[in-house]
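What follows is a set of notes on a single structure, which appears directly below.
Protein chains: 2
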Amino acid sequence: MPEPSPGSRPAPRPTLEAVAERAGVSRATVSRVVNGGAGVRRPLAERVRRAVEDLGYVPNHAARSLVTRRTGAVGVIIAEPEVRIFSDPFFSQQIRGISRELTAQDTQLVLLLVDGPGDYDRIGRYLAGGHVDGALAFSLHTDDPIPALVRRAALPTVFGGRPGWTAGADGQAVPYVDADNRGGARAAVRYLCGLGRRRIAHIGGPPDQTSATDRLDGYRDVLPDAEPELVAEGAFTEESGARAMERLLLRCPDLDAVFAANDLMASGALGVLKARGRSVPDDVALVGFDDIDPVARTTDPPLTTVRQDVEGQGRLMARLLLRGLDRQREGGPAPEPVITPTTLVRRASA
Amino acid sequence: MPEPSPGSRPAPRPTLEAVAERAGVSRATVSRVVNGGAGVRRPLAERVRRAVEDLGYVPNHAARSLVTRRTGAVGVIIAEPEVRIFSDPFFSQQIRGISRELTAQDTQLVLLLVDGPGDYDRIGRYLAGGHVDGALAFSLHTDDPIPALVRRAALPTVFGGRPGWTAGADGQAVPYVDADNRGGARAAVRYLCGLGRRRIAHIGGPPDQTSATDRLDGYRDVLPDAEPELVAEGAFTEESGARAMERLLLRCPDLDAVFAANDLMASGALGVLKARGRSVPDDVALVGFDDIDPVARTTDPPLTTVRQDVEGQGRLMARLLLRGLDRQREGGPAPEPVITPTTLVRRASA
DNA sequence: GTGAAAGCGCTAACAT
DNA sequence: ATGTTAGCGCTTTCAC
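Printed below as a string of structure tokens:
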């Protein structure tokens, strides 16, 4: 029986050579056909394709990589502070977007989880080791060691979210994809103004994340004269939003609107508002940010919020990197940052 | 200035050859040193190591892979029905465990997200393409196409969770890692019995997942004569647990205990019980399964539940695969399944 | 348009 | 213990 018995070695995969022989052509011709078939006459190409099919030929990636000097893989770095990413729908969507785009470009996604401070070393070596053609990283905090790593590895990298340090040490622009946080915040606050609200508070995120500071900046763009008491700092968690809301209520009992820097905090704030007997949106109008999937539409009332296309951002990150690879290979410039638009989604909370 | 100007090509990486020349030895010797240095005299090895250091030599992975026929990477397949995995703490922990183990073994994690039925084809080609040495897959449903793929690709694979089909088409055992679902369920139900409960109901998971059927089997092991009315089917979601609880209450108003096949459903059931005025644990004792992180300890009352070490399972999957790789390479047998123990965690709900 | 030939950087026999 | 040598499977000039 030709059935491989449990103890037999795996069958050796057919090589270009084998295909060439079967098709009665040279290896070079097969190679051309396999790689798009440019410059090969139809009948020949057909014969080759048939031979490939018959033999079940699959190109050997290592051999190809050895000569092309491309791995066809990119690393996605997920740093320690973000280990929870997988529980965060935000990241999961972004990864999904990245995966979609990479897949479409026949590029592999190598997941690099940073699992502790000691891991940065390992990741750095890996990146420098030429295992991947480029990297994607999420730059959440200003003191992240990742940027230095990829810089040292001289590896093309695109960041998700505007990095805290805007330019590299050598003045090169750092490529990143980010939502228009500032513009979205402006839209939210303007909307509240348009509703006739006069005492508009803000619950901000942690000041070491640009998404938080950018949204705060947007708030200030519209309300440059807002009293400092109207701004409370949270940590992007529901709990922290609740605490911030309590402080705000204490400091400014007369507030009539709140713009929270994300939906989670908005949800926390909503709970406190209701518990304190303030009706939303009648007494206090509430706007969030992100339009995060279950949260924003399942609160009571559902949240008016600023939507950003997270999956699209992921796709964009991958696309930017892949485009940049070809260019940088030729010594071209790194790709420019991309800011994706946001839209205000009206629901019942404002 | 030796600083690479923005328009310069990336510096070519030093090769074995360069190191050999600098150290005044042959390529073979350098190779030996780089790969552990067995059989090379101290002083020589030292000289080589210094040269490696000086030149910043990093082995070319493609070249090595070409000759060793190992890629040093494994694919982690995540199928469409589980796209939410990233929001599921269960999977995120498992991935973390996998990542930890692979990292420790210097093996890369290539993430393969199946993004639709059409993707199975692509994944199949990829797996057959020799890009990875093995695969890790989660076999949630009985009709999953993944098993067929890896089988066709003749790729060593370890499953997370017992697959629905216990043996391969050729009678080979399928390697997997799973919690002792049946034993854990038995422990839970026995515990309820020990509490003096006499009408113990069960909320089961979807019957096409072995984790659900195994837990049901465990329940039946202890209560072989339980009336069918005491068993309701859920879908492992909080909502489905609530619905199942409602049905149970209708059919068996006199029940005094519930064993739910996971914590999410237990949480849903808890809500219904409280809404119906049944106090937990006084009127109805409740036990869950998984000890899922925020859920089990934050319900009111906190859940008594069956804990499984999910991260450990992930690590085990990776370890099993890597060990199996070496063996199977020599035509050895696939690794045996591993069942990890569960422990009953007593909290306030039972 | 097609083929011949020269490597890509490395490991593993095989010599010594 | 170390060096020599022959490829691994592929792409890519360069002739024809």
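These protein sequence lines are chains L and W, in that order.
Start counting the first sequence at -19; every next residue gets the next number (my numbering).
Start counting the second sequence at -19; every next residue gets the next number (my numbering).
Ideal placement from N, C-alpha and C gives every residue a C-beta, glycine not left out.
Below-9 Å beta-carbon distance, residue i vs any chain W residue
i, result
"Asp338 of chain L", "An answer regarding residue 338 of chain L cannot be provided, because it is not within the stretch -19 to 330 covered by chain L."
"Ala53 of chain L", "yes"
"Ala(-9) of chain L", "yes"
"Ala134 of chain L", "yes"
"Pro(-16) of chain L", "Only weak support exists for where Pro(-16) of chain L lies, its pLDDT of 41 falling under 50; the coordinates are left without a value."
"Arg363 of chain L", "Residue coverage of chain L in this structure runs from -19 to 330, which leaves residue 363 of chain L outside it and unanswerable."
"Pro(-6) of chain L", "no"
Same chain only: Cβ atoms within 6 Å of residue i, ignoring 5 sequence neighbours per side
i, result
"Thr284 of chain L", "Val267, Arg326, Arg327, Ser329, Ala330"
"Met225 of chain W", "Ala249, Val252"
"His182 of chain L", "Tyr199, Val211, Phe239"
"Pro261 of chain L", "Ser329, Ala330"
"Leu82 of chain L", "Leu89, Ala298"
"Val63 of chain L", "Because the pLDDT of Val63 of chain L is 47, which lies under 50, any placement of that residue in the model is unreliable, and the question is left without a value."
Under 9 Å from the C-beta of residue i: neighbouring residues of chain W
i, result
"Ala249 of chain L", "Ordered by position in chain W, no residue passes the 9 Å Cβ test against Ala249 of chain L, which lies about 20 Å from the chain."
"Ser79 of chain L", "Leu91, Leu92, Leu93, Asp95"
Cβ of residue i within 9 Å of any chain L Cβ
i, result
"Gln88 of chain W", "yes"
"Asp99 of chain W", "yes"
"Ile57 of chain W", "no"
"Arg223 of chain W", "no"
"Arg277 of chain W", "no"
"Arg2 of chain W", "no"
Chain-ordered neighbours of residue i on chain W, where CB pairs are closer than 8 Å
i, result
"His111 of chain L", "His41, Gln88"
Cβ-based burial, residue i [other Cβ within 10 Å; buried from 16]
i, result
"Pro(-8) of chain L", "exposed"
"Gly140 of chain W", "buried"
"Pro155 of chain L", "buried"
"Glu218 of chain W", "buried"
"Ser45 of chain L", "buried"
"Gly214 of chain L", "buried"
"Ala358 of chain L", "Residue 358 of chain L is absent from the structure shown; chain L starts at -19 and stops at 330."
"Arg177 of chain L", "buried"
"Asp263 of chain W", "exposed"
"Ser220 of chain W", "buried"
"Val47 of chain W", "exposed"
Neighbouring residues, chain L, relative to residue i (Cβ below 8 Å)
i, result
"Thr83 of chain W", "Leu93, Asp95, Asp99, Arg102"
Own chain residues within Cβ distance below 7 Å of residue i, not counting five before or after
i, result
"Leu107 of chain W", "Gly55, Ala115, Leu129, Val130, Ala133, Leu135"
"Val357 of chain L", "Nothing in the structure corresponds to residue 357 of chain L, since chain L is present only between -19 and 330."
"Arg76 of chain W", "Glu291, Gly294"
"Ala222 of chain W", "Gly248, Ala249, Gly251, Val252"
"Thr87 of chain W", "Gly52, Ala53, Val54, Leu302"
"Arg80 of chain L", "Arg295"
"Glu209 of chain W", "Arg231, Cys232"
"Arg29 of chain L", "Val13"
"Pro69 of chain W", "Ile272, Asp273"
"Arg166 of chain L", "Gly198, Asp201, Val202"
Contacts that residue i makes with chain W (C-beta to C-beta distance below 7 Å)
i, result
"Ala108 of chain L", "Val38"
"Arg7 of chain L", "Near Arg7 of chain L there are no residues of chain W at all, since even the closest Cβ is about 16 Å away, more than 7 Å."
8 Å Cβ shell around residue i - same chain, five flanking residues per side excluded
i, result
"Thr111 of chain L", "Checking the sequence shown, residue 111 of chain L turns out to be His, not Thr. Excluding sequence neighbours, His111 of chain L sits near Thr51, Ala53, Gly55, Val90."
"Gly78 of chain W", "Here the sequence assigns Ile to residue 78 of chain W, which means Gly is not the residue at that position. The residues are Val56, Leu89, Leu116, Gly294, Arg295, Met297, Ala298."
"Ala(-2) of chain L", "Leu35, Tyr37"
"Gln74 of chain W", "Phe118, Gly140, Val290, Glu291, Gln293, Gly294, Met297"
"Gly4 of chain W", "Arg27"
"Ala206 of chain L", "Ile180, His182, Tyr199, Arg200"
What residues in the stretch 30 to 50 of chain L have a beta carbon less than 7 Å from any beta carbon of chain W? So the list reads Val38, Asn40, His41, Ala42, Ala43, Ser45, Leu46, given in the order they occur along the chain.
If the cut-off is 9 Å on Cβ atoms, which residues from the stretch 238 to 267 of chain W count as contacting chain L, listed in chain order? Here the close residues number zero.
Could you run through the stretch 286 to 310 of chain W and flag, in chain order, every residue whose CB is less than 7 Å away from some CB of chain L? Taking 7 Å as the cut-off between beta carbons, none of the residues of the stretch 286 to 310 of chain W comes near chain L.
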